[in-house]
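**Q** The structure under discussion is supplied below as structure tokens; questions concerning it will follow.
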Amino acid sequence: MYAITIPEPGGPEALVWDEVPDPVPAEGEVLVEVVASAVNRADLLQRQGLYNPPSGASPYPGLECSGRVAAVGPGVVGWSVGDEVCALLSGGGYAQKVAVPTGQLLPVPAGLDLRSAAALPEVTCTVWSNVFMVAHLRPGETLLVHGGSSGIGTMAIQLAKAVGAKVAVTAGTGEKLDFCAELGADILINYREQDFVEEIEKATGGAGADVILDNMGAKYLDRNVRALAVNGRLAIIGMQGGIKAELNIAALLNKRAAVSATSLRARPLGEKAAIVAAVREHVWPLIESGHVRPVVDRELPMSDAAGAHRVLEESSHIGKVLLVAP
1 MYAITIPEPG
11 GPEALVWDEV
21 PDPVPAEGEV
31 LVEVVASAVN
41 RADLLQRQGL
51 YNPPSGASPY
61 PGLECSGRVA
71 AVGPGVVGWS
81 VGDEVCALLS
91 GGGYAQKVAV
101 PTGQLLPVPA
111 GLDLRSAAAL
121 PEVTCTVWSN
131 VFMVAHLRPG
141 ETLLVHGGSS
151 GIGTMAIQLA
161 KAVGAKVAVT
171 AGTGEKLDFC
181 AELGADILIN
191 YREQDFVEEI
201 EKATGGAGAD
211 VILDNMGAKY
221 LDRNVRALAV
231 NGRLAIIGMQ
241 GGIKAELNIA
251 ALLNKRAAVS
261 ATSLRARPLG
271 EKAAIVAAVR
281 EHVWPLIESG
291 HVRPVVDREL
301 PMSDAAGAHR
311 VLEESSHIGK
321 VLLVAP
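Using UniProt numbering, read the sequence shown as starting at 1 and increasing by one per residue.
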């Protein structure tokens with residue numbers, strides 16, 4: 001098969017479309033013939049040599065895919081050759097084939113085309129596990145999403161609105177904020193021109209955000225704590241703004257607030273399977289009913305993964321960038 005390889009870390013040009021051995025499904029795995037994958041920020045870090053795959057994972061980038069089951073390994077039940085699926089991966093999505101543990105497989109939602117399904121696994125699992133399973137967002141509460149126009153952000157807006165929460169977002173352009181509003185965002189904050197702490201306080205009458213989903217990390221830590229409501233929950237899922245910052249414990253204590261930080265890729269198989277099962281139970285019906293949809297900015301050939309990485313680095317996209325396998 002062909003896959004995107006990274007012979008040496010570097011810029012987008014480090015991604016090489018090359019012939020590699022076919023994967024073989026192990027016990028409890030299926031082989032998926034990939035139709036499409038999607039690009040995530042973690043893929044850019046892997047390309048730069050800053051985020052290596054977990055032990056035993058595919059060395060090729062790609063944390064999600066959609067496709068058809070091509071073969072089943074020993075001990076697999078409930079899945080058959082030809083099934084249309086999408087999957088959460090530890091790596092290997094930028095390839096024509098990938099082996100996937102069955103606990104990380106999802107059926108393609110009814111009414112959704114197979115390619116678009118590649119935009120779902122990583123964002124739905126990230127948002128559901130952090131916003132709902134960890135931070136326990138409830139109806140009537142306020143969720144602040146940083147990077148509201150990203151793949152994660154566009155899904156977070158829709159899921160929070162679906163459960164009856166109020167949603168605030170930050171983004172860097174009017175076009176991106178307008179799109180967030182179309183998805184249902186109630187509070188629109190241009191982080192280039194506005195202080196999100198002040199804007200959240202104004203919009204909530206001084207109460208603050210009950211839950212914050214943060215992709216920035218260190219750069220926003222102090223302001224995120226200030227923007228939290230009493231009993232607020234800050235869920236950190238990225239470090240685009242750095243990895244080290246001071247945490248004002250007194251401020252956290254005064255608000256009886258909580259800070260969590262999670263990642264999906266290195267979790268044990270059982271934890272991933274539990275998240276995937278929860279997504280199938282709670283999110284898939286919302287997609288099939290039309291209340292929630294994947295947001296796809298563009299599709300590029302998988303062999304042009306370098307071009308897709310440049311799009312993400314420019315932050316000119318809204319939603320997900322897909323890579324379509326030949």
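Ideal Cβ placement from N, Cα and C applies to all residues, glycine included.
Check for me: the beta strand (DSSP E) holding W17 runs from which residue to which?
**A** V16 to E19
**Q** Please determine, among G92, Q46, E19 and V34, the residue with the shortest C-alpha to C-alpha distance to D83.
**A** V34
**Q** Look at the alpha carbon of A160 and the alpha carbon of A261, and state the distance between them as a whole number of angstroms.
**A** 19 Å
**Q** Could you name the residues that DSSP lists as bridge partners for G111?
**A** According to DSSP, G111 bridges with nothing at all.
**Q** Per DSSP, what kind of secondary structure is residue 334 in: helix, strand or coil?
**A** No answer is possible for residue 334: it lies beyond the span of the chain, which begins at 1 and ends at 326.
**Q** Give me the residue from D195, G242 and F196 with the minimum Cα distance to N215.
**A** G242
**Q** At 4 residues or longer, and completely inside the segment 212 to 286: list those alpha helix (DSSP H) runs for me, N to C.
**A** The alpha helix (DSSP H) runs of length 4 or more contained entirely in the segment 212 to 286 are, from start to end of the chain, 221 to 227, 249 to 254 and 269 to 282.
**Q** So, for I287: in the same chain, excluding its five sequence neighbours on each side, which residues have a beta-carbon less than 7 Å away from its beta-carbon?
**A** P109, L112 and R293
**Q** Can you tell me the Cβ-Cβ gap for V131 and G148, rounded? I've got them flagged as a contact below 8 Å.
**A** About 13 Å separates the two Cβ atoms, so there is no contact after all.
**Q** For A99, collect the residues of the same chain with a Cβ closer than 6 Å to its Cβ; drop the 5 residues on either side in sequence, then sort them by chain order.
**A** Cβ within range, chain order: P23, P25, E29 and L31.
**Q** Just to confirm before moving on: does the CB-CB distance between V230 and N248 stay below 8 Å?
**A** no
**Q** Can you round the beta-carbon distance between V39 and H309 to whole angstroms, since I take them to be within the 8 Å contact cut?
**A** 7 Å
**Q** In this structure, how does DSSP classify H309 when only helix, strand and coil are distinguished?
**A** It is helical.
**Q** Give me the Cα-Cα distance between P285 and E8, rounded to the nearest whole angstrom.
**A** 42 Å
**Q** To the nearest angstrom, how far is it from the Cα of V134 to the Cα of I212?
**A** Distance between the alpha carbons of V134 and I212 is about 12 Å.
**Q** Excluding the 5 residues flanking V20 on each side, which residues of the same chain have their C-beta closer than 8 Å to its C-beta?
**A** Within the same chain, V20 has close Cβ partners M1, Y2, A3, T5, Y60 and A95.
**Q** Of the choices V276, G205, G91 and I237, whose alpha-carbon is the least far from that of W55?
**A** A small correction: the amino acid at residue 55 is Ser; Trp does not occupy that position in the sequence shown. Nearest to S55 by alpha-carbon distance, out of V276, G205, G91 and I237, is G91.
**Q** Give me the DSSP bridge partner(s) of P101.
**A** E29
**Q** Once you ignore the five residues that flank L114 on each side, which residues in its own chain have a CB closer than 7 Å to its CB?
**A** V35, S66, E84 and V108
**Q** Look up P301 in the DSSP assignment and say whether it is helix, strand or coil.
**A** strand
**Q** Out of curiosity, what's the CA-to-CA distance linking K176 and I318?
**A** 7 Å
**Q** Is DSSP giving R80 helix, strand or coil here?
**A** Note on residue identity: the sequence assigns Ser, not Arg, to residue 80. Correct three-state label for S80: coil.
**Q** Based on the DSSP secondary-structure assignment, which residues constitute the bridge partners of T5?
**A** Paired residue(s): V16.
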